[in-house]
Amino acid sequence: MKSLPTKGIRFSLRRFAKLFALGLIAAYGGVIVGLSYLYAYQLTRPVCPPPAQPPPGFREITLTTADGLTLGGWWRPPQNGAAILLFPGWGGGRTSMLHEAQFLTERGYGVASMDYRACAGEIQTLGYREVNEFNALLDFVLQQPEVSWVGASGFSVGGTTVILGAAARPEVRAVVASGNYANLYDEITADTAVPLSPKWQIQRLVALFFTFRTGISPARISPLEALPKLKSRPILLIHGEKEIQRTRGYAQQTAAGNSAALWIVPEADHGEYWLIAPEEYAQRVIEFFEAARAAPSNVKSDMDNIAVLNDIILALKP
């Protein structure tokens with residue numbers, strides 16, 4: 182009886198093992214790349230909130246951004262001459278900050294809000310190109326005869342939007358930013374991950390795909406770098422106790438300088454500030470804007486400016 186060609190069988194098994202290993206590597210790579218792209222896609226393509234009727238006292242407005250997008254919004258004129266621009270978080274729109282709109286209008290403030298570019302079918306950039314929306318809404322409000330003073334308030338991505346927008350628009354006299362990240366690349370890679378682990382790889386690939394989809398490196402989207410440009414204006418930063426390390430709230434306050442107050446909401450995570458402390462949240466925001474409006478508009482020296490802003494900050498401390 183002839184012996185079997187064992188050498189040929191061993192070669193075939195070795196080749197099969199190599200092909201199998203390559204297949205596993207390809208499958209692993211496909212899963213990692215696929216999950217990363219899907220996450221980046223979802224970040225940049227949030228679903229637009231459904232349309233709704235404006236609350237009592239508000240009216241519909243239509244705005245056109247500098248890059249040609251037509252977007253809807255709501256406007257309620259002020260009774261005290263002051264108007265606040267509201268910008269929500271990721272996936273939000275004109276309907277997303279009704280809680281703030283209610284307590285602001287109850288105190289006589291005008292309120293303006295609008296949809297993000299996602300509602301026009303455009304890619305969302307988490308605060309960078311959304312500055313176009315900020316400018317369009319600000320330009321509209323500045324044209325209203327009832328308005329003599331403008332502030333802005335934003336949550337999360339909206340906080341980034343108002344910081345980046347106000348940094349280039351001195352017409353905005355005071356800013357409230359809650360739960361905004363310090364730098365988008367740092368936010369994407371914030372969770373601890375062992376180098377070259379699947380989690381580490383996904384984080385870097387998400388940042389890479391974000392760049393491919395938007396044409397903007399996430400490292401360039403940095404409220405931390407924009408805050409020093411607001412040093413002459415009052416800023417209220419609001420962050421939850423459970424997120425303060427991730428959002429680098431202390432570093433943001435330092436970057437903003439003497440003009441910034443930081444409220445850390447005890448036991449709160451991202452977006453839970455008005456759920457955990459609704460009355461205090463409203464009170465602090467109102468008192469901040471009231472103090473900012475009372476500050477002189479033409480401060481003659483840096484020392485005078487610092488003294489005025491320190492009074493505002495002290496007024497907000499418990």
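Mapping of the sequence shown onto my numbering: position 146 corresponds to residue 327, and the numbering continues sequentially without gaps. Quick reminder that beta carbons are idealized off the backbone N, C-alpha and C, glycines included. All values derive from a computational prediction rather than experimental measurement.
> Can you name, in chain order, every residue of its own chain whose Cβ lies under 7 Å from the Cβ of residue 285, other than the five neighbours on each side?
Replying inline: 265 and 292
>> My parser needs the alpha helix (DSSP H) runs of 4 or more residues fully inside the stretch 420-464; what are they?
In response: 425-428, 430-437 and 454-457
> Is residue 193 buried or exposed, if buried means 16 or more other CB atoms sit within 10 Å of its CB?
Replying inline: exposed
> Quick one, which of 436, 365, 432 and 233 has its alpha-carbon nearest residue 389's?
Replying inline: 365
>> Quick check on residue 284: does DSSP put it in helix, strand or coil?
In response: helix
>> Using only the alpha-carbon positions, how far apart do residue 297 and residue 336 sit?
In response: Near 13 Å, if we compare the C-alpha coordinates of residue 336 and residue 297.
>> In whole angstroms, give me the CA-to-CA distance for residue 245 and residue 374.
In response: Rounded to the nearest angstrom, the two C-alpha atoms are 42 Å apart.
> What did DSSP end up calling residue 268 once you bin it into helix, strand or coil?
Replying inline: Judged by DSSP in its simplified three-state form, residue 268 adopts strand.
> On the premise that residue 280 lies in contact with residue 444, defined as a C-beta separation below 8 Å, what is that separation, rounded to the nearest angstrom?
Replying inline: About 16 Å; that fails the 8 Å criterion.
>> Taking a contact to mean a Cβ-Cβ separation below 9 Å, would you say residue 386 touches residue 222 in this structure?
In response: no
> What residue range is occupied by the uninterrupted alpha helix (DSSP H) comprising residue 323?
Replying inline: 312-323
>> Do residue 311 and residue 338 count as a contact pair if the criterion is CB distance below 9 Å?
In response: yes
>> So, at 7 Å on beta carbons, what are the nonlocal neighbours of residue 474 in its own chain, with the 5 sequence-adjacent residues on each side left out?
In response: 263 and 330
> Rounded to the nearest angstrom, how far is the Cβ of residue 356 from that of residue 347, given a contact under 8 Å?
Replying inline: 5 Å
>> Going by DSSP in three states, residue 347 sits in which element: helix, strand or coil?
In response: In the three-state reduction of the DSSP assignment, residue 347 falls in the helix class, which pools H, G and I.
> Any chance the stretch 423-435 sits against the stretch 458-471, with 3 or more Cβ pairs inside 8 Å?
Replying inline: no
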